[in-house]
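**Q**
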Amino acid sequence: MNVWDAAALAVTVGLFAGLFALARKRVNFSVLTFVGLFLGVAVGVVFRDHVEYVQPLGRVYVNLLLTIVAPLVIVSILSSITSLGSTSQLRTIGGRSVYWLLSLNLVAIFLALGTALLVGLGKGAHLGTQDVDTRSLDSVQQPFTSVFIGFFPTNIVKDVSENNIIPIILVSILVAVSCSLVADKNPQKVAPFKAFVEASREIIYRAVGFVISLTPYAVLALTASFTSTVSADTSQLWPLFTLLVVAFVVCFAHTYLVNGVFLRVSANVSPVAFFRRIFPAQLTAFTTQSSAGTLPLTTSLLRERVGVPAEIAGFTAPLGTTIGMPGCAGIWPVLLAVYSVNALGIPYGLGDYAVLVLLGLVVSIGTAGVPGTATVTATTVLAAAGLPLEVIILTLPISALADMARTTNNVTSAAVAATIVARKEGRLDDAIFRSSVDRSVDLGEPVTPERSNPASPATTDDDALWGGVPVGACAIEPSPRVPVGSR
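Encoded structure:
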């Protein structure tokens with residue numbers, strides 16, 4: 310550690326102390342997080358290559374978030390389903406969750422495709438694909454059957470340790486539904502188990518609150534590290550600058566404009582007020598680039614600030630880290646596809662673009678909400694569409710930057726879907742939504758059933774489809790890849 314490294318660490322610790330002092334004065338959590346973002350940019354710009362010892366402070370936070378994801382999903386789903394009282398509500402919540410998550414992604418795909426074609430994305434770009442080695446992408450693709458079978462675990466402990474969300478969800482649903490069926494015949498037998506689940510839920514929610522309280526400090530450290538990396542070497546970014554700008558524009562247009570329309574039309578809530586309430590989750594997603602890592606904060610904000618019942622927030626939000634994900638599974642693969650078509654002069658017709666839309670929708674079912682997901686989905690889509698994979702390698706220098714906007718879009722869309730589902734179920738608590746603007750929220754405070762359920766009864770739809778069997782982000786049988794430029 311040299312003098313500059315020590316100075317960067319000392320300044321960061323001093324800024325942490327300042328944030329802590331602001332927190333003690335009850336400064337709004339969103340404001341604290343935003344302050345952390347700007348302070349992180351300043352530290353990264355000033356110290357540049359000397360934030361080596363600052364970055365671990367942010368990574369510890371990310372690791373803590375990822376550690377709490379699996380327990381949070383398990384207790385949320387167990388508690389949610391066992392408190393529903395009937396499997397018909399599970400079918401409606403599950404079916405509606407999948408429907409709205411996929412609907413948001415479908416709109417994102419059309420938005421990305423239309424924007425890319427409108428601006429002629431990739432035209433005039435010079436891509437040297439001759440010497441690009443794509444063998445590193447081979448391990449990314451898996452046969453459809455392998456991905457589908459992988460959703461049904463042989464070792465749930467392994468899936469929990471690796472945060473494989475879909476197997477965790479499926480096993481949790483199996484246990485919870487079994488508990489409900491036994492409770493219908495003999496409630497006394499499962500009473501101890503249900504009490505254990507509720508106690509676990511309160512403990513996990515409190516632990517989540519402790520971790521989330523570290524968000525402003527982690528945002529500072531992570532932003533400092535990222536700003537340092539970007540400012541140190543911009544030579545590889547400029548040739549791909551147009552693609553990066555379009556990715557940010559499309560992601561944020563979907564995040565705020567499209568989601569805003571869905572919120573107003575389908576959930577009858579103010580988009581501006583909604584985005585204010587979930588802003589800490591958006592900022593955390595922006596800096597951590599992990600939908601799964603942001604999940605504890607997302608579910609807390611949905612319960613405490615938006616008024617989504619715990620059982621819906623605990624089901625739809627985790628599902629949104631594996632299904633839909635418009636930023637990574639919809640927008641990015643489509644932009645790369647159009648970019649490669651225009652840059653390499655590949656003939657592409659209306660039918661080809663229709664297939665591209667379908668691939669983007671199918672691949673969005675079963676993705677993983679962790680950094681690097683966009684590379685997996687893009688590889689799958691381009692391989693299935695018969696487009697050159699070299700473009701993915703060439704665009705890796707900007708992928709990490711684009712992932713900030715992509716993850717923000719993913720997290721926001723999952724929160725929007727949960728809010729719409731709550732409204733359609735007749736269970737969105739408008740009192741919490743209206744009152745949460747002016748009150749400080751303890752994110753570690755678990756929501757009691759009395760508080761999370763508004764007076765209006767839930768509506769049921771016995772014909773709703775249960776969408777709990779996702780078909781996976783897998784290697785769809787690829788079309789034959791034609792040599793670049795000869796298609």
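Residues 310 to 796 (our numbering) make up the sequence shown, in order. Backbone N, C-alpha and C define an ideal beta-carbon position, used for all residues, glycine too. Just so it is clear, the structure is predicted and the values come from calculations on it, not from any experiment.
(1) Starting from the N-terminal side, write out each stretch of the beta strand (DSSP E) that is 3 residues or longer and does not extend beyond the stretch 474-502.
(2) Determine whether the beta carbon atoms of Leu-529 and Thr-321 lie at a separation below 9 angstroms.
(3) Could you tell me the distance, in whole angstroms, from the CA atom of Val-469 to the CA atom of Arg-357?
(4) Go through the stretch 334-367 residue by residue and report every complete run of the beta strand (DSSP E) that reaches 3 residues or more, in order.
(5) Rounded to the nearest angstrom, how far is the Cβ of Ala-726 from that of Leu-410, given a contact under 8 angstroms?
(6) Who are Ile-383's beta bridge partners in DSSP?
(7) Give the C-beta separation of His-563 and Ile-640 to the nearest angstrom, bearing in mind that I take them to be a contact with Cβ-Cβ under 8 angstroms.
(8) Ordered along the chain, which non-local residues of its own chain (more than five positions away) have a Cβ less than 6 angstroms from that of Asn-414?
(9) For Leu-710, which of Ser-575, Ile-741, Thr-597 has the nearest alpha-carbon?
(10) So, do the stretch 554-562 and the stretch 709-723 have three or more beta carbon pairs nearer to each other than 8 angstroms?
(11) Per DSSP, what are the beta-bridge partners of Ile-632 in this structure?
(12) Is it buried or exposed, Ser-749, if we count other Cβ atoms within 10 angstroms and call 16 or more buried?
(13) Grab the span of the alpha helix (DSSP H) containing Cys-637 for me, first residue to last.
(14) For Gln-610 and Thr-728, which I take to be in contact (beta-carbon distance under 8 angstroms), what is that distance rounded to the nearest angstrom?
(15) Tell me whether Ser-744 is buried or exposed, calling it buried when 16 or more other Cβ atoms sit within 10 Å of its Cβ.
(16) Which residue wins for smallest C-alpha separation from Thr-342, given the options Ala-508, Arg-405, Ile-477, Ala-590?
(17) Along the chain, where does the alpha helix (DSSP H) containing Val-559 start, and where does it finish?
(18) Rank Tyr-662, Val-617, Gly-695, Glu-511 by C-alpha distance to the C-alpha of Val-643 and give the top, closest one.
(19) Please list the terminal residues of the continuous alpha helix (DSSP H) segment that includes Ala-576.
(20) Given a threshold of 16 other Cβ atoms within 10 Å of its Cβ, counted over all protein chains shown, does Ile-418 qualify as buried or as exposed?
(21) Go ahead and label Asn-719 buried or exposed: buried means 16 or more other beta carbons lie within 10 angstroms of its beta carbon, across all protein chains shown.
(22) Suppose the cutoff is 7 angstroms on Cβ atoms and the five residues either side in sequence are ignored; what does the same chain contact list for Thr-532 look like?
(23) With three or more C-beta pairs closer than 8 angstroms as the rule, is the stretch 379-393 touching the stretch 471-490?
(24) For Gly-602, count the other beta carbons within 10 Å of its own beta carbon; 16 or more makes it buried, fewer makes it exposed. Which is it?
(25) By the 10 Å Cβ neighbour count, where 16 or more other Cβ atoms means buried, how is Gly-327 classified, buried or exposed?
(26) So, helix, strand or coil for Ala-694, using DSSP?
(27) On the criterion of 16 or more Cβ atoms from any shown chain inside 10 Å, does Ile-390 qualify as buried, or is it exposed?
(28) On a Cα-Cα basis, can you pick out the residue from Arg-335, Tyr-362, Phe-338 that is closest to Val-312?
(29) Please report how far the alpha carbon of Ile-785 lies from the alpha carbon of Ile-521, in whole angstroms.
(30) Excluding the 5 residues preceding and the 5 following Leu-645 in the sequence, name in chain order all residues of the same chain whose CB lies nearer than 7 angstroms to its CB.
(31) Take Arg-405 as the anchor and find which of Gly-654, Ile-621, Leu-698 has the nearest alpha-carbon.
(32) To the nearest angstrom, how far is it from the Cα of Ser-801 to the Cα of Gly-569?
(33) Just to confirm the assignment: which complete alpha helix (DSSP H) runs, minimum length 4, are found wholly within the stretch 697-721?
(34) Under the three-state reduction of DSSP, which class applies to Leu-318: helix, strand or coil?
(35) Assuming the contact rule is C-beta atoms closer than 8 angstroms, Pro-525 and Val-344 should be a hit. Round their C-beta distance to whole Å, please.
**A** In terms of the structure at hand:
(1) none
(2) yes
(3) 37 angstroms
(4) none
(5) 5 angstroms
(6) Partner(s): none; Ile-383 has no beta bridge.
(7) 7 angstroms
(8) Gly-633, Pro-635, Gly-639, Ser-673
(9) Thr-597
(10) yes
(11) Ile-674
(12) Low per-residue confidence applies at Ser-749: pLDDT is 44, beneath 50, and the placement is therefore not dependable enough to give any value.
(13) Here Cys-637 belongs to no alpha helix (DSSP H), and DSSP marks it neither H nor E.
(14) Per the sequence shown, residue 610 should be read as Leu rather than Gln. Contact doesn't hold; Cβ gap of about 11 angstroms is too wide.
(15) exposed
(16) Ala-590
(17) 550-561
(18) Tyr-662
(19) Neither: Ala-576 is in no alpha helix (DSSP H) and is coded neither H nor E.
(20) buried
(21) buried
(22) Leu-346, Gly-349, Val-350, Gly-353, Thr-596
(23) yes
(24) buried
(25) exposed
(26) coil
(27) buried
(28) Tyr-362
(29) With a pLDDT of only 39 at Ile-785, under the threshold of 50, the placement of this residue in the model should not be trusted, and no figure is reported.
(30) Ala-687, Leu-691, Val-700, Ile-701, Thr-704
(31) Ile-621
(32) Nothing about residue 801 can be read from this structure; the chain reaches only from 310 to 796.
(33) 699-703
(34) helix
(35) 7 angstroms
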